[in-house]
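Protein chains in written order, with full-length UniProt numbering: chain A, 1 to 343; chain B, 1 to 235.
We treat Cβ as the ideally placed atom computed from N, Cα and C, and that holds for glycine.
Following: one structure in structure tokens, then a few remarks.
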Amino acid sequence: MGEFIMNNGLILAIESSCDETAAAIIRNGHEIVSNVVASQIESHKRFGGVVPEIASRHHVEQITMVIEEALAQANLKPVDLDAVAVTEGPGLVGALLIGINAAKAFAFANNLPIVGVHHIAGHIYANALVQPMEFPLLALVVSGGHTELVYMKEHGSFEVIGETRDDAAGEAYDKVARVLNLPYPGGPHIDRLAHEEGEAVPFPRVWLEEDSYDFSFSGLKSAVINYKHNMDQRGEAISPAAVAKGFQESVIEVLTAKTLRAAREYQVKQVIAAGGVAANKGLRISLETVFEEEGIPFFVPPLKLCTDNAAMIGAAAMPMFEAGIRGNLMMNGRPGMELKSWV
Amino acid sequence: MIWLGIETANTPLSVAIVRDGKVVAELVQNIKLTHSAGAMPAIEEVLARAGLKAGDLDVIAVSEGPGSYTGVRIGVTLAKTLAWTLQIPLVGVSSLKALAANATLYNGLICPIFDARRDNVYTAVYQGVTLEALVEDHHAHIADLLERLRALDAPILFVGTDVGLFWDNIVEELGDNAFRAPFSLDLPRATEVIRVGTKVELPSVEATHHFVPQYKRIAEAEANWLKEQKEKEHE
């Protein structure tokens, strides 16, 4: 399956690593021809989080409709395509398997090569859909499952210079939202509350070792839980807005400071934010402000390219395809897949 | 008429090609290879051995469950995607009926069994020869199943590799009415998935999008949630 060449520069991409069933068609790695996402959020809301078995069931219900919709919106037929790309990992294994098996069946039936893409590489390459990536580059990836600082010296080169040692930033948001009785997913609610007028409850900042780019959010989460517990014991009501503000200030200060220090040390030409939490207004403003002062171009994709989608998988697949990388029909879901360079 | 059959509902894997009522090729295996890695290459191989391309297929029959949730979903996802993109009909066949079909010639009651862990099984009772379902596919505790079968007071043939897990228990409850199929009939086979599939009217191509597995069991999180809702109603 490796001898194929690009004719139209068209890649069909499929993503099903968590709770979105998504398909997109990307031209030349940067132009979105179609981008379809079937979200399951409404179904998972009642459980207060993503239930893997329920997610897998929804994926198998939606998958062919989503792919058909991506083709229909692009007004293309399978014969027009040059390759199929799919998220190979990391993610929920049962969820990944649906996208992967659909991609393999589609690729086989239509005699197309297949490319397995790392989900985080996808989030980073979402930026290629907005403006050309310039190297060396630093990416802050923040989502419900990930918090990572990734240094890229060229296309396909990834060095994870920092990552969370416990909870992902988005996970901490969801847990704090639950403490505050906010609906799932909690991130946007905390972001909104944090922008209301008023004082912030002071919470600690976790910096870890002086030279570390790693993160830790579980201590902060515990501090919020303890605060609520103590107030409950004293019979005092908490102000959800003050808690949200204090929590968000702590998260943003640490994320911003470490990203800035890394950008300086690695002397990057571009800083990008990626992942669902990159849609957070407070984080966006904070990063925009410091990098404007620093004189380093900073970009963050629009909301629908920050949350899970297949367009970003197609964007990441293009340089992989050009580098000759191909999967095969044995491709399996890799829930703990590591982000590795392909150059 | 060229059929592709796919069976990945439990540990065994089977794919087959049947052309105009004749078996062209069949692959049956019972090894611990994940279906996610193994099923698509098996389809590719069985087509290659039959000298066919995907585009030559006229219809696909897939084992729709019950069984391992993930196993069922892999077969259904492959079958759905192939059928949709090739624009050919997709027929779903009960994994239990397909297994019972191995023993079609037994003129008595057939009880196929798949292990569902924690002393639970997916099971049914089919009439031999006609393959009419006397007890529909369901999820049951082995003790409840055996109590139900004892009440039938008739010879029953048990089929499936998982029968061995419960055989002592079965004999204890049913005594001389318990019969065990020879081991060569224990693996589900894609040719039987196809044969059972040929008995039903072919669905429209448009129906493929709405094809879903038959889990015969709601997800644990959903069951707990429903229970909570009921408790809330009572309060």
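Supposed close pair residue i, residue j - CB separation, criterion 8 angstroms
{"i": "valine 59/B", "j": "tryptophan 3/B", "result": "5 angstroms"}
{"i": "alanine 273/A", "j": "leucine 140/A", "result": "5 angstroms"}
{"i": "glutamate 26/B", "j": "valine 193/B", "result": "So it is not a contact: roughly 10 angstroms between Cβ atoms."}
{"i": "valine 277/A", "j": "glycine 187/A", "result": "6 angstroms"}
{"i": "valine 115/A", "j": "alanine 83/A", "result": "6 angstroms"}
Straight-line Cα distance separating residue j from residue i
{"i": "isoleucine 313/A", "j": "proline 132/A", "result": "16 angstroms"}
{"i": "arginine 46/A", "j": "aspartate 176/B", "result": "50 angstroms"}
{"i": "glycine 2/A", "j": "isoleucine 325/A", "result": "Since pLDDT at glycine 2/A reaches only 45, below the 50 mark, its modelled position is unreliable, and no value is offered."}
{"i": "alanine 200/A", "j": "leucine 96/A", "result": "40 angstroms"}
{"i": "histidine 141/B", "j": "leucine 105/B", "result": "28 angstroms"}
{"i": "threonine 130/B", "j": "alanine 190/B", "result": "19 angstroms"}
{"i": "histidine 189/A", "j": "asparagine 280/A", "result": "10 angstroms"}
{"i": "isoleucine 26/A", "j": "threonine 87/A", "result": "15 angstroms"}
{"i": "leucine 226/B", "j": "asparagine 120/B", "result": "21 angstroms"}
{"i": "glutamate 163/A", "j": "tyrosine 173/A", "result": "17 angstroms"}
{"i": "glutamate 15/A", "j": "threonine 256/A", "result": "29 angstroms"}
{"i": "threonine 123/B", "j": "aspartate 137/B", "result": "6 angstroms"}
{"i": "threonine 307/A", "j": "arginine 284/A", "result": "14 angstroms"}
{"i": "glutamate 32/B", "j": "valine 254/A", "result": "Checking the sequence shown, residue 32/B turns out to be lysine, not glutamate. Their Cα atoms are separated by approximately 46 angstroms."}
{"i": "aspartate 56/B", "j": "alanine 48/B", "result": "12 angstroms"}
{"i": "leucine 303/A", "j": "phenylalanine 247/A", "result": "22 angstroms"}
{"i": "leucine 81/A", "j": "asparagine 75/A", "result": "12 angstroms"}
{"i": "phenylalanine 158/A", "j": "alanine 317/A", "result": "15 angstroms"}
{"i": "residue 240/B", "j": "asparagine 224/B", "result": "Summary: the structure shown does not reach residue 240/B, with chain B confined to residues 1 through 235, and so no result is reported for it."}
{"i": "valine 150/A", "j": "arginine 217/B", "result": "43 angstroms"}
{"i": "phenylalanine 106/A", "j": "isoleucine 63/A", "result": "11 angstroms"}
Where residue i falls: helix, strand or coil (DSSP)
{"i": "tyrosine 126/B", "result": "strand"}
{"i": "glutamate 3/A", "result": "Residue placement at glutamate 3/A is poorly supported in this model, since its pLDDT is 49, which falls under 50; the coordinates are not used for a value here."}
{"i": "glutamate 132/B", "result": "coil"}
{"i": "methionine 318/A", "result": "helix"}
{"i": "phenylalanine 203/A", "result": "coil"}
{"i": "arginine 165/A", "result": "coil"}
{"i": "glycine 49/A", "result": "coil"}
{"i": "phenylalanine 114/B", "result": "strand"}
{"i": "phenylalanine 211/B", "result": "coil"}
{"i": "valine 205/B", "result": "helix"}
{"i": "phenylalanine 179/B", "result": "strand"}
{"i": "threonine 85/B", "result": "helix"}
{"i": "leucine 193/A", "result": "helix"}
{"i": "glutamate 88/A", "result": "strand"}
{"i": "asparagine 120/B", "result": "strand"}
{"i": "valine 343/A", "result": "coil"}
{"i": "tyrosine 173/A", "result": "helix"}
{"i": "methionine 312/A", "result": "helix"}
{"i": "tyrosine 227/A", "result": "helix"}
{"i": "valine 163/B", "result": "helix"}
{"i": "glutamine 248/A", "result": "helix"}
Contacts that residue i makes with chain A (C-beta to C-beta distance below 7 angstroms)
{"i": "threonine 70/B", "result": "Gly94 and Leu97"}
{"i": "isoleucine 74/B", "result": "Leu97 and Asn101"}
{"i": "alanine 221/B", "result": "Phe47, Val51, Glu53 and Ile54"}
{"i": "threonine 11/B", "result": "Going along chain A, no residue has its Cβ under 7 angstroms from threonine 11/B, so there is no contact; the nearest lies around 16 angstroms."}
{"i": "proline 213/B", "result": "Val60"}
Neighbour list for residue i in chain A, Cβ cutoff strictly below 8 angstroms
{"i": "tryptophan 3/B", "result": "The contacting residues do not exist; tryptophan 3/B stays about 16 angstroms from chain A at best."}
{"i": "proline 233/B", "result": "What sits at residue 233/B in the sequence shown is glutamate, not proline. Simply none; closest approach about 15 angstroms."}
Under 9 angstroms by beta carbon: chain B residues contacting residue i
{"i": "glutamate 265/A", "result": "Those do not exist, as glutamate 265/A stays about 41 angstroms from chain B at its closest Cβ, beyond 9 angstroms."}
Residues that DSSP places opposite residue i in a beta bridge
{"i": "glutamate 15/A", "result": "Ala22/A"}
{"i": "glycine 5/B", "result": "Ala16/B and Ala61/B"}
{"i": "arginine 27/A", "result": "Leu10/A and Glu31/A"}
{"i": "lysine 22/B", "result": "Arg19/B"}
{"i": "residue 344/A", "result": "The structure shown does not extend to residue 344/A, since chain A is modelled only from 1 through 343, so no value can be given for it."}
{"i": "valine 28/B", "result": "Ser14/B"}
{"i": "histidine 141/B", "result": "Asn120/B"}
{"i": "glycine 116/A", "result": "Val86/A"}
Chain A residues whose Cβ lies nearer than 9 angstroms to that of residue i
{"i": "lysine 80/B", "result": "Val60, Ile63, Thr64, Ala102 and Ala105"}
Neighbouring residues, chain B, relative to residue i (Cβ below 7 angstroms)
{"i": "proline 78/A", "result": "Thr85"}
{"i": "glycine 333/A", "result": "Ser36"}
{"i": "asparagine 110/A", "result": "Thr85"}
{"i": "methionine 330/A", "result": "Ala37 and Pro41"}
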